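Notes follow once the structure below has been shown.
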Amino acid sequence: MRALHIARKDLLILFKDRGTLVQLLLLPLIFIVVFSGALSAVSAGNESGDGQDTRIPLAVVDLDGSALAQRFVADLDAAGGVRVERRAQDEALALLAERKLPRVLTIPAGFGADLDADRPVTLHLVNHPDADLEQTEAVRLVIEGVAQDLSLEYQILASLEQMAEMQANAPEASQIFSGERMIAQAQSQFERSRTQPLIAVAERVPQIAEREADEFPDAVQLAVPAFTVLFVFLTAQTTARSIYEEKRIGSFRRLLAAPLSKAALLAGKMLPNFVTALIQTAVIFAFGLVGLRLMGLQPLSLGESPGGVILVAAATALCSSGLGILIAALARTETQIGGLSSLILWGAGILGGSFVPLFILERFLGSLPRVVPHYWANRAFENLLIRGLGLSSVTAELGALLVFTALFFAVGLWRFSFD
Amino acid sequence: MAAILDVQNLTKKYGDFEAVKEISFAVEEGEVFGLLGPNGAGKTTTISMLTGVLPPTSGTALIGGYDIRTQMEQAKQLNGLVPQDLALYPTLSARANLDFFGRIYGLRGRALRERVEDVLRIVSLTERADQPIETFSGGMKRRVNIAAGLVHQPKLLFLDEPTVGVDPQSRNHIFESVQRLNRERGMSIIYTSHYMEEVELLCSRAAIIDEGRIIAMDTIKNLIGMLGGGVIYLGLPRVDADLLAQIAALPAVKEALAAEPALPAEGEPAVPRADGAVVKIVAEQNQQALVNVIGWLNAQDIALTSLEILEPNLESVFLHLTGKKLRE
Amino acid sequence: MIRHTLTVAWKEIQLIARDRGSLVILFLLPLLFGTLYGSINLHFADEGGASSVLVDVCLVNEDEDVFGAQVALALGGIKVLSVETLDSAAEAERRVAEGQVSAAIIIPAGFTAAIDSYTPTEIAVIVDPAEPESASIVVGIMNKVVDEATVWGEVQYGIRTLLDEAGVLADAGPETHRAIEAQNLGVIMTHLNEMRRTPLVTVVSEDLEGAVIEGGIALFFALLFPGITVMFVFFGVGMSGASLLNERETGALRRLLAAPIPRGAIIGGKMLGYMALVCLQVIVLFGVAHAFFGMPLGESPLALALLTLLLAFVATAMGMMIAALSRSSRQADSVGTVLGFVLGGLGGCIAISPTPLTRTEGFMSVVARLTPHGNAVDAYYSLMAEKAGMLQILPELAVLLAMGVAFFLIAVWRFRFAE
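Residue numbers (this note's numbering), protein chains in the order written: chain A, 1 to 419; chain B, 420 to 747; chain C, 748 to 1166.
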C-alpha cells in the first residue's frame, strides 16, 4: 500500500528531528512529574511516612497547671498534626518576638477552675506576622478540635448534673443520679469513646473484581492518562506542520502526481501521526508503570481491562490524526498552524479535563466539555484505569471518538487545498 | 573619477584556513564591477568584510575615503547590501520591513516615508506593500530584498548572487533594475555571481576569484580577449613541436599548444592517453580556425580522436585559467 | 545607540504581535488556567456560597429505626449534598463504581439496635476514586452527622445504665422504661444543645498586637497567580532565543550587521522588546486576578514594578543565553520550553500548598531558591500577601539581578553574530 510508504518516510523524518521528539516524548513526562510529582511529594511529606515526625511544632505555655490543663495539652499532642513543646511564658514570648517561634498557644490561669464552674474560657494563639498563614489556620483547627471535644464533655456533664438536680427534687429516685456516679459514668464513656467510637465512618472504594479496596489513586495516577490525552492530541500540530512543510518544499506535488487517490494520500499522512501517538502513549504509560515506582511513588494501575485501554489509546491516536488533517486543511500559513492549533489543542485540553478533573468541570460547565474529543478520551481512561471498569463501560466514549475522527477527516478532505 | 571602493590586500583567515588571500581591487564611482567565481571562492566573505559583517584578518579597504578598519560606521552609511537570502522579516509587511531598516539608517518622519515609497516604486511593489512578505512569490521576495538595500540611498550597492533560484521574468527585472540604477542614479554596483552571462551583460569590469585569490581582473572585453576568438581542444594520436608549429601557421589560428586533456565531463573519470595528446588551439575566430584546421588534418590524413570547442566567454576564461568549471 | 535600541525594540514588538500562536500561549493559556483554578478554589473555599457545588450521593437506609432516620434526615438537610434514596446497597455501590454518583452512604441494618445496645457500629461511605475532592467533602459531612448521632447514643446509654443500676424501674414495664428514658434523654439533649450554642472553650488566632487574624482565600491567589504568571513568562524565553537565532539563520542579522547600528543595540533592542512583553503579561494577568478574584496587590507598587522589571530582565537574558548556546532556532525553542516547565516546577510555580515552595522545609525548598522562578514567586507573595515593602524583598531582587547579569554575560561571551 502506497500510503504505508508515505507513512514510513514521514516517520523517518520525524525520528531524525530531535527537537520534536523531545516535545513529543520528554515533555509529557516532565509535565506529569512537575505537575503532580510535586503534589505527591508535598502531601507525602505531610503524612507521617517513614516514621518521620512531620507535625507542626507548637509552643504551649501552661499558666494554669491544673490537671485539666495538663490533660488538654496531652490531648493536643495526641491529636496528630501538632507537636507540643512546653515552654515558660517569658521564654516563649521572647522567642516569639525574635521570630524564633512562629506562634505560641497560652492556656490562661484558671483554665481548670473556670471549666469546672462552667465558665467559658478563651485560648489565645498568638502569631508572628511572618508566620505562615495557612499553617496558623491549620494549627488553630487542630486546637479547636480538641477544645470542642473538651467543651462537649463538660457540657454533657453539666447537663447530667442539671438532670440530677431535677431528679433530686422528685421523691422516688433520690439516690440514683448522684453527682459522683453520673460523672463516673460519663467519664468511663468518654474514655471508651476515645479508643473506639460508637459510630465510625468507614470509607472505601467500590468493590470490583479483585481490586484492593484500600488503594486510592493519587494525583500522579490521575495525571498520567490526562496528560497522555493532552499530548497525543498535540501531536496533531506536528502532523499539520509536516504537511505544510511538504507543500512548501514541493514534494507534495510529486505525491499528487503519483497514482494515488486524494483520500489515500491524506490517509497516508494520518498514519505516521497514528503510529507516533501510539508510541507516545506506550512511553508515557510505561513511565507510569515503571518510572513512578522508581521514584518511590504509587505506580499507575492498568485497570482490569488492558484490551480496553489499548482500544481507547488507538481511538484517541486516530482522532488526533484526523485532527491533524483538519488543521492542515484550515490553516493557510505556518504561523496560523502555530496559533490556530495551539488555541484549539490547549484549550480543548483544558476544557476536556486534562488539567482539572472532569467532575469539577462538569459542575461548572455542565455539558460543555462534551464538545471536545479530549473529554471522551479522558472519561474513557477514567473508567478503565481509575474506576477499574470493563470494556463495556467505554463503548459510548469509543463511539464518540470515532465520530469525531470521521468528522475531522471528512471536513479536512473537503477543505484541503491540494495545490 | 574617484575610486568609490579601494580594496588593499584584504585577507580573512579562519585558523589556518585562508578564505580570502590578499585581495586588492578598486571600483570607480559609477561603475558596475563584477566579482566572478565558483561557490566557495570567497566572494561572500569578501563582501562580508567590506560591509562590516566580518572583521578582516589583515589588509583594509577605503569606501568613499573611509577606512573600514577605523571608520566603518561612516562607510556603512554609504553601503547598500542585497544579500543572497531574503534576510528580512517574513511575518511583517514589505512596508514595515523597509520602515525598520530605513530607521536603522537614520531616516525619520517625512524623509523616511518618501524614501520608502520611492524604493517601492523602483521595484514595482507599491500595490503589495502592506502584505506580509511570506505571502510573496520568489521574484517578489527578491525585489523587496533589493528595495531594502536601496532605502537609504547608498553610494555603493553590493549585490550578492542576486539571481540564484529566481524565475526568468524576475531575473530580467533584476537586470533592468541594476542597469537603471546605474544609468539613472549613477549608483556604483558590485555584482557577485557565478553566472558568467550576467557579469558579461551588466558589468564594465570584473575580477575573477578562485580559492580566495583574484586570478584575473580587467574589462570584460579584455578578459574574454584572453581567449582570442575562442579555444579549441583537439585530441590527436601524436603531437610534436613540428605539428604544433604547422597548425599555428594556419590562418585564423593564434596559438597552438600542447595541453592536458580538457576536464572530463561530470562523473566521467579522466582518461589518460598513453598514446595520444591534446592540442590546445587559441583561435582568432573559432569557426574559421576550426574549418581550416580540420581541413588541414584531413589533408594530412591525421585522425581526430576528440574535439571540444570553448566559446569566447568568461566561463571559458575561467576554465582556461584554472582548469575548473565555474558551475558545478 | 538609544534610538537604535528603541527602533529594534519596536521591530521586536511588531514581530511578537504577528506571532499568534505564541500570544495564545503567553496570554490566553495562563488566563484560562488562572481563572479556572481560581474559580474552583473560590468555590471550594467559600462554604457558604457552595450551593452551586452539589455532590450527588445515594443513600441506602437499611435500618428501620430511630437513629437511621435521624441520620437520613440530617443528610437531607445539607445544602451541598443532593441525596437520592435507594433500596439496594448493591445498586448504590454499582452507581458509584460506574461514576454515576460521587458517593454512596449505607446505613446498615440494625444500626439503631447496635447503638441501643452500645455496640460499636459503622456507616459505610463508598466513594468514587476518580473524584477525590468530592470524597473528602462527603466524608467530612458524614463525620459531623455521625458525631451528632454519637452524642445521642452515648447520652442515652448513660441514662439507661444509671436507671438500670438504680433498679428504680425494675418493676415498671418496658413502656415505662422507654418513657422515662426518653423523657430524661430529651431533657438532657435539650439542655446540651442549648449549651452547645456557646462553646465552653474557644480558640482565637491573633497577631502580636492582639488583632484577630483572618485566614483568606485571597492570599492563596497571591500565590496561585504569580506562580502561573512567572511560569508563562519564562515560556517566552524560548521564544526570544529562537527569534534571535532565526534572524541569524535567515540572514536578517547579517543585514543588520551591515547597517550602522552597534551590536549592543541589536541584542539590547531585542531584550527590550521582550521585556515589554513580559511586563504586559504581568499587568494583564495580575489585573484580571485583582479584578475578578480580589487578589491583593500589596502596599508597595514601586517594589512590584521593580520586581516585574527584574523578572523581565532575567527571563530575556536567559533567552539570549539559550540562543548563544543553542545550535538552531528549533533547538532554542525546545530547550526554552522544557526549561520553562522544569524550572517552573522546581521553583514552585505550581501552587499546591498554600505556602511558597521556597519557604517549606526540606530539599525541595533549597532547590526552589536556586531558580529564578522560585525567587520571583516568593517575592511576589511577600509583596502581595504579606504586604511587605521593598526592603523585605531585597535579597530576592538581588538574586534575580545577579542571575540576569550572569546570563547576559554568558550570552555576550558566546553568541556568534556571523558564521
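The C-beta atom is built at its ideal place from N, Cα and C for all residues, glycine as well. Quick caveat: nothing in here was measured; it's all calculated off a predicted structure.
| Query | Result |
| --- | --- |
| Test item: CB-CB of Arg562(B) and Leu544(B) under 8 angstroms | yes |
| Three CB pairs or more closer than 8 angstroms across the region 420–434 of chain B and the region 476–487 of chain B | yes |
| Near-chain C residues of the region 355–369 of chain A (beta-carbon distance less than 8 angstroms), N- to C-terminal order | Phe355, Val356, Pro357, Leu358, Phe359, Ile360, Arg363, Phe364 |
| Cβ shell of Ile870(C) (< 8 angstroms), same chain only, five flanking positions each side left out | Val818, Ile852, Ile853, Ile854, Pro855, Phe858, Met889, Val893 |
| is_contact[Asn808(C), chain A] using C-beta, thresh 8 angstroms | no |
| Residue burial classification, Glu246(A) (beta-carbon count within 10 angstroms, cutoff 16) | buried |
| C-alpha distance - Leu1141(C) paired with Lys1134(C), whole-angstrom precision | 14 angstroms |
| Endpoints, the beta strand (DSSP E) within which Pro57(A) is located | 56–62 |
| Close-in-space but distant-in-sequence residues of the same chain around Pro318(A) (CB under 7 angstroms, 5 per side omitted) | Just to set this straight, residue 318(A) is Leu in the shown sequence, not Pro. Phe274, Thr405. |
| Check whether Glu895(C) and Ala821(C) have beta carbons under 8 angstroms apart | yes |
| Neighbour flag for Thr908(C) against chain A, beta carbons, 8 angstroms | yes |
| Alpha carbon of Ser623(B) to alpha carbon of Asp435(B), nearest angstrom | 35 angstroms |
| Span of the beta strand (DSSP E) around Ile853(C) | 850–854 |
| Inter-stretch contact (C-beta, 8 angstroms, three-pair minimum) for the region 821–833 of chain C and the region 897–906 of chain C | no |
| The region 432–444 of chain B: positions lying closer than 9 angstroms to chain C by Cβ | none |
| Beta-carbon proximity check, Ile32(A) vs Val224(A), cutoff 8 angstroms | yes |
| Glu1143(C) versus Gly887(C) - alpha carbon distance | 40 angstroms |
| CB contact below 8 angstroms: Gln70(A) versus chain C | no |
| Spatially closest choice to Pro306(A) from Tyr244(A), Phe231(A), Gly388(A), by CA coordinates | Gly388(A) |
| Nonlocal neighbours in the same chain, by C-beta distance under 7 angstroms from Ala117(A), ignoring five residues either side | none |
| Meets three-Cβ-pair contact criterion under 8 angstroms: the region 530–549 of chain B and the region 1023–1040 of chain C | no |
| For Ala506(B), three-class secondary structure by DSSP | coil |
| Minimum Cβ-Cβ distance from Lys715(C) to chain B less than 8 angstroms | The structure shown has nothing for residue 715(C), since chain C only spans 748 to 1166. |
| Contact with chain A by Met889(C), beta-carbon distance below 8 angstroms | yes |
| Buried/exposed call for Met636(B), threshold 16 Cβ in 10 Å | buried |
| Nearest candidate by alpha-carbon position, reference Leu646(B), set Glu674(B), Thr510(B), Arg540(B) | Glu674(B) |
| Inter-residue spacing [alpha-carbon to alpha-carbon] between Glu727(B) and Gln1078(C) | 51 angstroms |
| Own chain, CB closer than 8 angstroms to Asp834(C), minus 5 neighbours either side, in chain order | Val807 |
| Short CB-CB distance (under 8 angstroms) between Glu165(A) and chain C | no |
| Partners in chain B for Gly1066(C), counting only beta-carbon separations shorter than 7 angstroms | Near Gly1066(C) there are no residues of chain B at all, since even the closest Cβ is about 18 angstroms away, more than 7 angstroms. |
| Any C-beta of chain A under 8 angstroms from that of Thr868(C) | yes |
| Asp1080(C) burial status per 10 Å Cβ neighbour count (16 or more: buried) | buried |
| Interfacial residues, the region 766–789 of chain C to chain A, with Cβ spacing under 8 angstroms | Asp766, Arg767, Gly768, Ser769, Leu770, Val771, Ile772, Leu775, Leu776, Leu779, Phe780, Leu783, Tyr784, Ser786, Ile787 |
| Per-residue burial, Gly49(A) [other beta carbons within 10 Å of its own, 16 or more giving buried] | Legend: pLDDT at Gly49(A) = 39, less than 50; position of this residue unreliable, no value from coordinates given. |
| Distance between beta carbons of Leu345(A) and Ala236(A), contact taken as under 8 angstroms | 7 angstroms |
| Option in Glu759(C), Glu809(C), Gln847(C), Asp863(C) with minimal Cα separation from Thr382(A) | This sequence places Glu at residue 382(A); Thr is not what is there. The shortest C-alpha separation from Glu382(A) is found at Gln847(C). |
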